[in-house]
Structures are given as structure tokens and as C-alpha cells.
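Engineer: Numbering (the numbering used here), first residue to last: -11 to 200.
Rendered as C-alpha cells:
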């Protein structure tokens, strides 16, 4: 039945021209899907105002003000939406700090783990090759487009050389920037807002081919 089972929904859907147009108010369904797309698929650390915060798998940190802008809502509506999801639907729990809200998607492991751990069917029951799913092909192609550069190539990038690869850390783009005379790597959060200082090693940076 159509209302059973699971699908993979790639975050690149947010790059489509019709995704959450600023001239239209987002529906609650669109807002819910947007929260799911923002949710971390693995544990991560982020830096906000010089403080390191742990963002667990199945959770995300958002700005209600920023969401209000992207969803074309008022902040009061965003807050009411969070309360509805937490109290009526029991889909999330959330903690609000002075400058952000930490959202935890309930039952994330229950549903997401089943999708991630489903074995891939390689052959049909009669022994004939199974048809390859295009989504799997795209996922494999995306992995092929990721590389880890040698130190000399990274140094060349820092000197200003550019080519068809863009630095990323955990799926978020990075930039080599000069802040008051000090050069550093900074991460551009997918949800927008202030760029975050990268405290890892150059060897941890993923280099992804620029989208055509």
C-alpha cells in the first residue's frame, strides 16, 4: 500500500527552484519535511558564539527567526508549530536557548535505522539480475565525487588556486577566509546563519565535484 514502507529523500531537493518559495507560505507538511532534511544523520559538533555544542544523530539546531524567514511565517507560528509537534503529535521534543532551538526527532532510530540497514537485493528470486534502482546509482555516484586531497593540493587552494572541487565538512560547504588578518577554514551551515569556525584537520575535509 502507498502509506506503508519507506523512501529515501535526498537533501538536494532543497536546491530545486520550487522548494519553499519565499513568495509563498510554507505548509505544515513542508515545514515538517524541512526539519527532517535538517536533521543530522550522525553525531556532530558545531560552534556557536565560540561555544561547542553536541548535535546528536536525529537532532538539529535551528534558529526560529531564520525558519520564520524561510517558511514565510511569523516567529509565533514557528513556536506554535513546534508545540503542536511536541504536545499533540509527539513527533519531537525541543529545547530553546537564548539564540537557537535544539530539536530532537522522536523515533528517529526506529524508522531511519530500518531504511539504512535494509539489505540490498542483488538478484531476483528466479536468479535473474535485479533491476538497479536509480536512487542507488545516484548515491554511489555522489560517493565517487568525494575525495581527500594531499596536503600540497590543499596548500595550493589556500594560495588561491581553484578547480572543479569544493571543500566540504559533513556535507556542508567550507571557505578559506581571512578574519582580521588571520586565515582560517569556516563552515557554511545548511540552515544558514553565521559561518562556523572549523576546528578539525585539513585531512578531514571532503572535496566534492562542483555540481553541473
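All C-beta atoms in this analysis are idealised placements derived from N, C-alpha and C, irrespective of residue type, glycine included.
Quantities reported herein were computed from a predicted structural model and do not represent experimental measurements.
Measuring straight from C-alpha to C-alpha, what distance separates residue 166 and residue 172?
Structural biologist: Translated into the one-based positions of the chain shown, residue 166 becomes position 178. Translated into the one-based positions of the chain shown, residue 172 becomes position 184. About 7 Å.
Engineer: Quick one: using the 10 Å Cβ neighbour count with 16 as the cut-off for buried, is residue 59 buried or exposed?
Structural biologist: Residue numbering aside, residue 59 sits at position 71 when the chain shown is read from its first letter. Its Cβ being crowded by 16 or more others within 10 Å, residue 59 is buried.
Engineer: Note down, in chain order, each residue of its chain lying with its Cβ closer than 7 Å to the Cβ of residue 10, except the 5 sequence neighbours on either side.
Structural biologist: The residue labelled residue 10 in the question sits at position 22 within the chain shown. Same-chain partners within the cutoff: 60.
Engineer: How would you label residue 203, buried or exposed, when you count the other beta carbons within 10 angstroms and need 16 or more for buried?
Structural biologist: Coverage of the chain is limited to positions -11 through 200, which leaves residue 203 absent and any answer about it impossible.
Engineer: Using DSSP's beta-bridge definition, name the partner residues of residue 172.
Structural biologist: By one-based count along the chain shown, residue 172 stands at place 184. The partner list for residue 172 (beta bridge, DSSP) reads 165.
Engineer: Determine whether the beta carbon atoms of residue 97 and residue 156 lie at a separation below 8 Å.
Structural biologist: If you number the chain shown from 1, residue 97 lands on position 109. If you number the chain shown from 1, residue 156 lands on position 168. No, these two residues do not count as a Cβ contact at 8 Å.
Engineer: Taking only the alpha-carbon atoms, compute the straight-line gap between residue 197 and residue 12 and give it to the nearest angstrom.
Structural biologist: Your numbering for residue 197 matches position 209 in the chain shown. Your numbering for residue 12 matches position 24 in the chain shown. Those two C-alpha atoms are separated by around 32 Å.
Engineer: For residue 43 and residue 56, which I take to be in contact (beta-carbon distance under 8 Å), what is that distance rounded to the nearest angstrom?
Structural biologist: Within the chain shown, residue 43 is the residue found at index 55, counting from 1. Within the chain shown, residue 56 is the residue found at index 68, counting from 1. Contact doesn't hold; Cβ gap of about 21 Å is too wide.
Engineer: Can you tell me whether residue 203 is buried or exposed, with buried defined as 16 or more other CB within 10 angstroms of its CB?
Structural biologist: Residue 203 cannot be examined here, being either before or after the span of the chain that is shown, -11 to 200.
Engineer: Mind listing, in chain order, the continuous alpha helix (DSSP H) runs of no fewer than 4 residues lying wholly within the region 9 to 75?
Structural biologist: Complete alpha helix (DSSP H) runs here, min 4: 16 to 26, 52 to 59 and 63 to 71.
Engineer: Would you mind reading off the limits of the beta strand (DSSP E) that contains residue 91?
Structural biologist: Locating residue 91 in the chain shown gives position 103, where the first residue counts as 1. Where residue 91 is concerned, the enclosing beta strand (DSSP E) stretches over 89 to 93.
Engineer: For residue 52 versus residue 67, is the C-beta spacing smaller than 8 Å?
Structural biologist: Along the chain shown, read from residue 1 onward, the residue named residue 52 stands at position 64. Along the chain shown, read from residue 1 onward, the residue named residue 67 stands at position 79. Yes, the pair counts as a contact, with Cβ atoms nearer than the cut-off.
Engineer: Ignore the nearest five residues each way along the sequence and tell me which others in residue 1's own chain have a CB closer than 8 Å to its CB.
Structural biologist: Translated into the one-based positions of the chain shown, residue 1 becomes position 13. The residues are 7 and 25.
Engineer: Please check the pair residue 82 and residue 89, which I expect to be a contact at CB under 8 Å, by giving their CB distance rounded to whole angstroms.
Structural biologist: Counted from its first residue, the chain shown places residue 82 at position 94. Counted from its first residue, the chain shown places residue 89 at position 101. Indeed they touch by this definition, with Cβ atoms about 6 Å apart.
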